Amino acid sequence: MIKKRLVLKFSPQVVNQPIISTLARKYDISFNILQATITQNRVGRMILEMEGSKKNIDAACAFFKKSGVSFQRLGEDIKMDEKKCVSCGVCVGYCPTNAFSFDAGNKVVFDPKKCIACEFCITHCPYNAMTLKY
1 MIKKRLVLKF SPQVVNQPII STLARKYDIS FNILQATITQ NRVGRMILEM EGSKKNIDAA
61 CAFFKKSGVS FQRLGEDIKM DEKKCVSCGV CVGYCPTNAF SFDAGNKVVF DPKKCIACEF
121 CITHCPYNAM TLKY
């Protein structure tokens, strides 16, 4: 069993289709919706954690492509600008998943594998060192 966190983008043409429920039924995937929004223009965005066999997760990703849902790994969207970060530690205190920590030299380190894209680090960083691009 493996886990994979993805950011999914649904066009207005597919936003009303039961794509996520198909994961459980057809591909034997357990899933956790970490975040979901639909804009006024009816574009959907979802942060999804999937768990299942590698074969089934790969098949589910192929199903997303076939269904017109674009996706990418969650860690590819969240970036720390090390030139802007002064290691003040505000993000460490706000992060609910401990994706931020201090290394031995008291420098803030970001682990995107732990991130759930709650955006607390983005809204609270006084130096705008964190960005989220979907």
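Just so it is clear: in the sequence shown, position 54 is 54 by our numbering, and no numbers are missing. Glycine included, each C-beta is placed from N, C-alpha and C at the ideal position. All values reported here derive from a predicted model rather than from experimental measurement.
| Query | Result |
| --- | --- |
| Less than 8 angstroms between the beta carbons of residue 77 and residue 7, yes or no? | yes |
| Taking only the alpha-carbon atoms, compute the straight-line gap between residue 66 and residue 14 and give it to the nearest angstrom. | 11 angstroms |
| Relative to the alpha-carbon of residue 117, which residue among 107, 101, 95 and 28 has its alpha-carbon at the smallest distance? | 95 |
| If you check the beta carbons only, do residue 34 and residue 51 fall under 8 angstroms apart? | no |
| Alpha carbon to alpha carbon, what distance is there between residue 105 and residue 82? | 15 angstroms |
| Can you check the stretch 23-82 for any beta strand (DSSP E) of at least 3 residues that lies completely inside it and give the ranges in chain order? | 30-38, 44-52, 69-73 and 78-80 |
| Decide if residue 74 is buried, meaning its Cβ has at least 16 other Cβ atoms within 10 Å, or exposed. | buried |
| Since residue 9 sits in a beta bridge, which residues does DSSP pair it with? | 45 and 70 |
| Name, in chain order, the residues that DSSP records as bridge partners for residue 100. | 110 |
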